[in-house]
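Take the position in the sequence shown, starting the count at 1, then add 2; the result is the number in the working numbering. Backbone N, C-alpha and C fix where the C-beta goes; we use that ideal spot for every residue, glycine too. Just so it is clear, the structure is predicted and the values come from calculations on it, not from any experiment. Quick notes on the structure that follows.
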Amino acid sequence: MKVVDFLKQKRETLAQHPFEFKDWLSPSIRDYWIEFLSMANNSQLASWVKEQKMASNGEVIPEPAPIQLHPEAAKIVDQLTATLGEEIHVGDWLTVDQSRINRFADVTEDHQWIHTDPERSATESPFKTTIAHGFLTLSLLSVLTDSVDPDNTKFPTAKMTVNYGLNQVRFPYPVKEGNRVRARTKIQSVTPIKRGLEIVQEISVEIEGCRRPGCVAESVIRLYF
């Protein structure tokens with residue numbers, strides 16, 4: 003089937019599910035596709051279309067009323083905007099020992115030998131020791147970024163902080179049993195939302211003595227006031 007015919011058949015599906023198209027692409031092509039969309043969204047034409055908000059019948063849709071920020075939210079916007087792209091937090095070291103790995107394996111029922119069998123890993127694993135589950139490393143982000151310390155909240159003026167999700171996660175290098183890890187955080191963006199703020203952070207999990215990080219994640223949190 004020709005590509006044109008395929009797209010014609012999928013036209014209605016694409017219209018209803020705009021994010022589905024990228025899911026059909028290979029990872030390498032998907033990266034080009036995302037870059038293309040980013041360039042298109044930042045083009046002068048796209049900016050004009052966004053400004054005009056043209057309806058299908060040609061009428062101009064009026065701009066929505068601006069979000070009224072809570073005074074404490076406005077202070078956080080000013081504070082974080084001044085640090086965009088800069089490293090704003092380096093956490094304390096945390097040791098990932100076999101006991102922690104085993105407990106995570108019990109909770110998730112993932113007892114693959116590369117995580118839980120030190121003897122076999124010493125002879126068969128290329129790392130010569132057990133390694134932490136990637137999702138274990140990811141699950142440590144809250145404690146590594148001091149987000150679960152009730153006596154030291156990062157945004158004390160917010161009524162509620164919500165983990166809204168992750169835009170992207172990678173595990174460049176495994177965390178070996180006994181490694182110490184810590185998190186380094188950068189603010190990527192701060193966006194006003196209804197009754198609060200959406201903050202995107204880049205969190206990199208540093209492995210002591212290792213050039214490559216154990217995890218790099220783009221975390222999204224929401225603050226409500």
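TODO: Could you tell me the distance, in whole angstroms, from the CA atom of Ile90 to the CA atom of Leu199?
DONE: Within the sequence shown, numbered from 1, the residue matching residue 90 stands at position 88. Within the sequence shown, numbered from 1, the residue matching residue 199 stands at position 197. Approximately 18 Å between the Cα atoms of the pair.
Open item on the list: Just to confirm the assignment: which complete beta strand (DSSP E) runs, minimum length 3, are found wholly within the stretch 89-155?
Closed with: Annotation note: the stretch 89-155 contains the following uninterrupted beta strand (DSSP E) runs of length 3 or greater, listed N- to C-terminal: 89-92.
Task: Cut-off 6 Å between Cβ atoms - residues of its own chain near Val150, not counting five sequence neighbours on either side - done: In the sequence shown, residue 150 corresponds to position 148, counting from 1. Here the set comprises Ser144.
Open item on the list: So, at 8 Å on beta carbons, what are the nonlocal neighbours of Thr139 in its own chain, with the 5 sequence-adjacent residues on each side left out?
Closed with: The count along the sequence shown starts at 1 and reaches residue 139 at position 137. Taking Thr139 as the centre and dropping the five residues before and after it, the same chain places the C-beta of Val98, Phe173, Val177, Val183, Val207, Gly216 and Cys217 closer than 8 Å to its C-beta, in chain order.
Task: Euclidean distance between Cα positions of Ser123 and Asn104 - done: Position 121 of the sequence shown, counted from the first residue, corresponds to residue 123. Position 102 of the sequence shown, counted from the first residue, corresponds to residue 104. Using only the alpha carbons, I get a separation of about 14 Å.
- [ ] In angstroms with no decimal places, state the Cα-to-Cα distance between Gln100 and Gly180.
- [x] By one-based count along the sequence shown, residue 100 stands at place 98. By one-based count along the sequence shown, residue 180 stands at place 178. If you draw a straight line from the Cα of Gln100 to the Cα of Gly180, it comes to about 7 Å.
Task: Exposure of Val192, with buried meaning 16 or more beta-carbon neighbours within 10 Å - done: For the purposes of this step, residue 192 is identified with residue 190 of the sequence shown, where counting begins at 1. Taking all protein chains in view, the Cβ of Val192 is crowded by 16 or more other Cβ atoms within 10 Å, so the residue is classified as buried.
Open item on the list: Given this structure, state the Cα-to-Cα distance separating Val51 from Ala75, to the nearest angstrom.
Closed with: Locating residue 51 in the sequence shown gives position 49, where the first residue counts as 1. Locating residue 75 in the sequence shown gives position 73, where the first residue counts as 1. Reliability fails at Val51, whose pLDDT of 47 lies under 50, so the model's placement of it is uncertain and the value that follows must be treated cautiously. As the crow flies, the alpha-carbon of Val51 is around 29 Å from that of Ala75.
Task: Coil, strand or helix - Lys196 by DSSP - done: Here residue 196 corresponds to residue number 194 of the sequence shown, with the count starting at 1. In the three-state DSSP reduction, Lys196 falls in the coil class, being neither helix nor strand.
Open item on the list: According to DSSP, Thr163 sits in a beta bridge with which residue or residues?
Closed with: Taking the first residue of the sequence shown as position 1, residue 163 is located at position 161. Thr163 is bridged by DSSP to Leu225.
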